[in-house]
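For reference, the structure is listed below as structure tokens.
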């Protein structure tokens, strides 16, 4: 039986002379992310590829231009992307205790016309997917967040967000692994360490993992 | 071994970084100017990837505790040995007790000091590069301070002084043109912004570091839907909503959701690394083929040092 084909349209853009960005789509979507992670894994096995990192719905590929041209790599990426992706094996499940007492919890509830308790329940209900690890060490983009909790980012980002802050923005949620500036709404905090500098890989979460939050008292 | 009497403004141990860690959100890091870093290593007989000292905007004051072979490349901070001017881009012997000092900044922003045998820093995630944010690698994850003692590995080949990079192969830091390739979101730029990007003069703001340079210049607009975050690379020029571009450098954030309008050619990144806050430069639109030719030419210049 011939391998099943699918109709993913891949756009491959140059990202300088030694990298490309392969876009599989523009939607926050678990199936697209599964494909991106599988494509990155397949590309990493190639000798002419130095790094391949999945985004939400894309793969950033650094390659050796002495071994392959942009055009040939783009063709190879498109070929690999049309292969049926492997079954999305459930990633490791992390259960994360959260003290829901963030400085923005009340304002978030007001803006969403919910009680703080409803915000906490809505946030803790789903099993989220780790779409992508990146930005800063250990940061993971988790989602999708319930529609009822979707809010634009804060108009003015905070200059310093404490490590362990549990935050939401748009259809995403995440945990600040290090003290850093940030524009997301802070609804709680966790004592779980996400950046593990003395481990390799140094991040607790990996792309494709699953995360469930549960409420604990501070 | 080298002892640090004065550290300079920001001197860190750097090698070629840890590119595999980007999937964990850890910046790849490594020397900002890979050409100068590699040249320094090859001039003293090291592997290309050995660790060197990256000296930012000013040089340190070091004392050789043992005889060693060094090479200073990159920015010209008027290096001196025992108060006598010493050539750059050349292997130079230091005897025990010799003092390496630097004067004022004449060109460039980052000087590299390689020592035969390689600088032996702390290794973190496969690299000795200092990551200041994570406080790991190099010298306890921090910049050098007075009193530090820098360990050096055992040279694997005989130490030969006097080897140098020919003058016509040395980069000219006064030529401030960064060749750049249209990026994934170039088409989002409005017509005037597209023209301005390649016509206008930009300058490196004072809010710039090893993570990236905020650029000052005309406001650029690339309107469109919010993007889903994707992996980014050094050289990518991001355009946040405010219209002031950011050029990502060695310790860049590994993912971002801003449009990437152009990406600086790999052969121009050493020039970018030598820009100091306040320096003005231009972008020149460059086809990939030309960028790859420039890249090969640089490599050939370095390969001459292997002969």
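Chains as they are written, first to last, in the working numbering: chain A, 73 to 290; chain B, 152 to 458. Glycine included, each C-beta is placed from N, C-alpha and C at the ideal position.
Residue i - partner residues in DSSP beta bridges
i, result
"residue 94 of chain A", "A/84 and A/131"
"residue 257 of chain A", "A/240"
"residue 268 of chain B", "Paired residues: none, contrary to the question."
"residue 206 of chain B", "B/162 and B/262"
"residue 99 of chain A", "Paired residue(s): none; residue 99 of chain A is not in a bridge."
"residue 230 of chain B", "B/253"
"residue 252 of chain A", "A/233"
"residue 492 of chain B", "Within the shown structure, residues of chain B are numbered from 152 to 458, placing residue 492 of chain B beyond reach of any answer."
Residue i - DSSP class collapsed to helix/strand/coil
i, result
"residue 421 of chain B", "helix"
"residue 242 of chain B", "strand"
"residue 182 of chain A", "helix"
"residue 172 of chain B", "helix"
"residue 357 of chain B", "strand"
"residue 468 of chain B", "There is simply no residue 468 of chain B to check, as chain B begins at 152 and stops at 458 in what is shown."
"residue 139 of chain A", "coil"
"residue 275 of chain A", "strand"
"residue 224 of chain B", "strand"
"residue 282 of chain A", "strand"
"residue 392 of chain B", "coil"
"residue 310 of chain B", "coil"
"residue 416 of chain B", "coil"
"residue 397 of chain B", "strand"
"residue 317 of chain B", "coil"
"residue 74 of chain A", "With a pLDDT of only 44 at residue 74 of chain A, under the threshold of 50, the placement of this residue in the model should not be trusted; the figure read from the coordinates follows. DSSP places residue 74 of chain A in coil when its eight states are reduced to three."
"residue 247 of chain A", "strand"
"residue 290 of chain B", "strand"
"residue 461 of chain B", "Residue 461 of chain B lies beyond the stretch modelled for chain B, which goes from 152 to 458, so this question has no answer here."
Where the alpha helix (DSSP H) containing residue i begins and where it ends
i, result
"residue 189 of chain B", "185-194"
"residue 116 of chain A", "102-116"
"residue 193 of chain A", "188-196"
"residue 347 of chain B", "342-350"
Exposed unless 16 or more other CB atoms sit within 10 angstroms - verdict on residue i
i, result
"residue 95 of chain A", "buried"
"residue 270 of chain A", "exposed"
"residue 419 of chain B", "buried"
"residue 74 of chain A", "For residue 74 of chain A, the predicted model reports a pLDDT of 44, less than 50, meaning its position is unreliable and no value from the coordinates is stated."
"residue 182 of chain B", "buried"
"residue 230 of chain B", "buried"
"residue 199 of chain A", "exposed"
"residue 208 of chain A", "buried"
"residue 76 of chain A", "With a pLDDT of 45 at residue 76 of chain A, under the threshold of 50, the modelled position of that residue is not reliable, and the figure given next carries that caveat. Under this definition residue 76 of chain A is an exposed residue."
"residue 349 of chain B", "exposed"
"residue 105 of chain A", "buried"
"residue 352 of chain B", "exposed"
"residue 167 of chain A", "exposed"
"residue 318 of chain B", "exposed"
"residue 446 of chain B", "buried"
"residue 263 of chain A", "exposed"
"residue 240 of chain A", "buried"
"residue 156 of chain A", "exposed"
"residue 311 of chain B", "exposed"
Beta strand (DSSP E) segment containing residue i, residue limits
i, result
"residue 363 of chain B", "363-367"
"residue 431 of chain B", "431-436"
"residue 169 of chain A", "165-170"
"residue 333 of chain B", "328-333"
"residue 274 of chain B", "Here residue 274 of chain B belongs to no beta strand (DSSP E), and DSSP marks it neither H nor E."
"residue 336 of chain B", "Segment: none, residue 336 of chain B is in no beta strand (DSSP E) and carries neither H nor E."
Taking contact to mean at least 3 C-beta pairs separated by less than 8 Å, is the region 331-350 of chain B in contact with the region 85-97 of chain A? yes
Between the region 293-306 of chain B and the region 152-160 of chain B, are three or more C-beta pairs nearer than 8 Å? yes
With a cut-off of 8 Å, do at least 3 Cβ pairs link the region 445-457 of chain B to the region 203-212 of chain B? Counting C-beta pairs closer than 8 Å gives fewer than three between the region 445-457 of chain B and the region 203-212 of chain B, which falls short of the contact rule.
Looking at C-beta atoms only, is the number of pairs between the region 126-140 of chain A and the region 366-379 of chain B that lie closer than 8 Å three or more? yes
Counting only Cβ-Cβ distances shorter than 7 Å, please list the residues of the region 350-366 of chain B near chain D, keeping chain order. Absent here is chain D; the protein component of the structure consists of chains A and B.
Indicate whether the contact test is met: 3 or more Cβ pairs, each with one atom in the region 236-248 of chain B and one in the region 192-203 of chain B, closer than 8 Å. The region 192-203 of chain B and the region 236-248 of chain B touch, with three or more beta-carbon pairs separated by less than 8 Å.
With a cut-off of 8 Å, do at least 3 Cβ pairs link the region 158-177 of chain B to the region 227-246 of chain A? no
Contact between the region 384-402 of chain B and the region 298-307 of chain B (3+ Cβ pairs under 8 Å): no
Is there contact between the region 406-415 of chain B and the region 245-258 of chain B, where contact requires at least three CB pairs shorter than 8 Å? no
Would you be able to state if there are at least three C-beta pairs under 8 Å between the region 253-265 of chain B and the region 220-229 of chain B? yes
Closer than 8 Å is the cut-off here; do at least three beta carbon pairs connect the region 414-433 of chain B with the region 167-177 of chain B? no
Would you call the region 136-154 of chain A and the region 163-177 of chain A touching, i.e. three or more CB-CB distances under 8 Å? no
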